[in-house]
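Input: a single structure, listed below in structure tokens.
Residue numbers (the UniProt record's numbering): 1 to 188.
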């Protein structure tokens, strides 16, 4: 990798000072866990990207992989079916619930509003500040009537000075954000 002379001399310092941290904001907070290791769940999801979102197909593939892997590996639910819908709302939840092939006791909606790397150059003494950002809106629907019983948002950020992340970490980052939001095993 070739660095401009100004960055070349700072590269060792950048590597030594790289320090990542995770910040999460649940709104409203606190939230009771939604995970139930004995329950079966129908999870609907949809992206709600901003108008100028870049790399939409790659982000949607990362979101689908992160959601799928979370449901398969977290122990959040005994069984879970994941369905992509056009929008996370009561009408789409009701349609998916009526069409469900297997019975379920939890109907959950996940709207992915942001999923991507963040990079700021020359914004701090470290010269490079970056990481990953995940924004989710979560809705717990009444399984019988599909009306939303509970709605909250999660803003999850992981990164810091000297941290540079790409799109390869997005599925794992989404899984980490879902662990905070849904709280398998109780409160984080």
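For glycine and all other residues, C-beta sits at the position ideal for the given N, C-alpha and C.
Between residue 133 and residue 160, which are expected to be in contact by the criterion C-beta below 8 Å, what is the C-beta distance as a whole number of angstroms?
At roughly 13 Å, the Cβ-Cβ gap does not stay under 8 Å, so residue 133 and residue 160 are not in contact.
Report all residues from its chain with a CB closer than 6 Å to the CB of residue 114; omit the five preceding and five following residues, and keep chain order.
133 and 135
Enumerate in chain order the residues of its own chain whose CB-to-CB distance from residue 170 is below 6 Å, with the five nearest sequence positions on each side excluded.
Cβ within range, chain order: 62 and 115.
On the three-state DSSP scale, how would you describe residue 152?
strand
Given residue 142, which residues of its chain have a CB within under 6 Å of its CB, disregarding the five upstream and five downstream residues?
If the five residues before and after residue 142 are omitted, its C-beta is found closer than 6 Å to the C-beta atoms of 149, all from its own chain and listed in chain order.
Does the structure place the segment 26-46 close enough to the segment 151-158 that three or more beta carbon pairs sit under 8 Å?
Short answer: they touch.
Going by C-alpha to C-alpha distance, which of 98, 35 and 111 sits closest to residue 85?
Of 98, 35 and 111, the residue nearest in Cα terms is 111.
If you draw a straight line from the alpha carbon of residue 103 to that of residue 71, how long is it in whole angstroms?
17 Å
Which of the three DSSP states is assigned to residue 40 in this structure?
strand
Just reading off the alpha helix (DSSP H) that residue 93 is part of, what are its end residues?
90-99
Which of helix, strand or coil does DSSP assign to residue 73?
helix
What does DSSP give as the partner residue(s) for residue 28 in the beta ladder?
According to DSSP, residue 28 bridges with nothing at all.
Looking at the structure shown, is residue 83 part of a helix, part of a strand, or coil, going by DSSP?
DSSP places residue 83 in strand when its eight states are reduced to three.
On the CB-based measure, 16 or more other CB atoms within 10 Å of its CB, does residue 91 come out buried or exposed?
exposed
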